[in-house]
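One structure is given below, encoded as structure tokens.
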Amino acid sequence: MLPASGSAKVGGVSLFSVDQPNVVIETIKAAEDGNGLIVRLYESQCCHRQVTLKAGYPIHQSWRTNLLEEAQEELTVQGNEVHFSVRPYQIVTIRVM
Numbered sequence: 001m002l003p004a005s006g007s008a009k010v011g012g013v014s015l016f017s018v019d020q021p022n023v024v025i026e027t028i029k030a031a032e033d034g035n036g037l038i039v040r041l042y043e044s045q046c047c048h049r050q051v052t053l054k055a056g057y058p059i060h061q062s063w064r065t066n067l068l069e070e071a072q073e074e075l076t077v078q079g080n081e082v083h084f085s086v087r088p089y090q091i092v093t094i095r096v097m
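What follows is the structure in structure tokens.
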């Protein structure tokens, strides 16, 4: 992150959001290999859920990865959304590009 001058907009666009209140975005960071961003989430209330991860920009490709950021499954992308399932208390790592 670099400091910037100017003023921030109130009510701006989120970098990422999810549609399930029991799924928490824990981390957003650059991928270790420099290709895309890593979004790490977890399910917090012992529920199976279908989740939509929404970005504030178009997503071109996305993968579910392991904790080492190795691709496990390519995910379907629709515009700026990625859809996937989560199990109770599961930690999920998603790479977006």
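Each residue of the sequence shown is one higher than the last, beginning at 1 in UniProt numbering. Ideal Cβ placement from N, Cα and C applies to all residues, glycine included.
Counted within 10 angstroms of its Cβ, other Cβ atoms place residue i as buried (16 or more) or exposed
i, result
"V86", "buried"
"L68", "exposed"
"S62", "buried"
"V13", "exposed"
Reduced DSSP category for residue i - H, G, I as helix; E, B as strand; rest coil
i, result
"A71", "strand"
"E32", "coil"
"Y57", "coil"
"V13", "coil"
"M1", "Unreliable placement is indicated for M1, whose pLDDT of 49 sits below 50; no coordinate value is reported for it."
"V18", "strand"
Segment limits, beta strand (DSSP E) that includes residue i
i, result
"T76", "From DSSP, T76 is part of no beta strand (DSSP E); its letter is neither H nor E."
"Y89", "Note, Y89: premise wrong, no beta strand (DSSP E); not H, not E."
Paired residues, beta bridge with residue i - DSSP
i, result
"H83", "T52"
"S62", "V96"
- Message: Under 8 Å, with one C-beta from each stretch per pair, do the stretch 39–59 and the stretch 70–86 reach the 3-pair mark?
- Response: yes
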